[in-house]
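Residue numbers (this note's numbering): 1 to 67. The beta-carbon is built from N, C-alpha and C at its ideal position, and this holds for glycine as well. For clarity, every value in this text was computed on a predicted model and none was experimentally measured. Encoded as structure tokens, the structure appears first; notes follow it.
Quick look at the structure:
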């Protein structure tokens, strides 16, 4: 089951990165998908990671060239 979820997550990351989105939007998409898959995953670790990615995408980093 873990191998299947790892493959699914790797495929998800590959699809999102080929969309050529800015890094903030990549984090938002991946975070939202990981958080939305909670009933399927039944694992809080990946859901918390998705929530952190989602929240981190809204942070304004000081000195960032991507404003």
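Taking only the alpha-carbon atoms, compute the straight-line gap between residue i and residue j and give it to the nearest angstrom.
i          : j          : result
residue 58 : residue 27 : 9 Å
residue 5  : residue 41 : 8 Å
residue 25 : residue 46 : 18 Å
residue 54 : residue 23 : 11 Å
residue 44 : residue 37 : 10 Å
What residue does the alpha helix (DSSP H) around residue i start on, and which one ends it?
i          : result
residue 47 : 44–56
Where does residue i sit, in a helix, a strand or coil, going by DSSP?
i          : result
residue 19 : coil
residue 59 : coil
residue 26 : helix
Determine the burial state of residue i: buried for a count of at least 16 other Cβ atoms within 10 Å of its Cβ, exposed for fewer.
i          : result
residue 19 : exposed
residue 7  : exposed
residue 50 : buried
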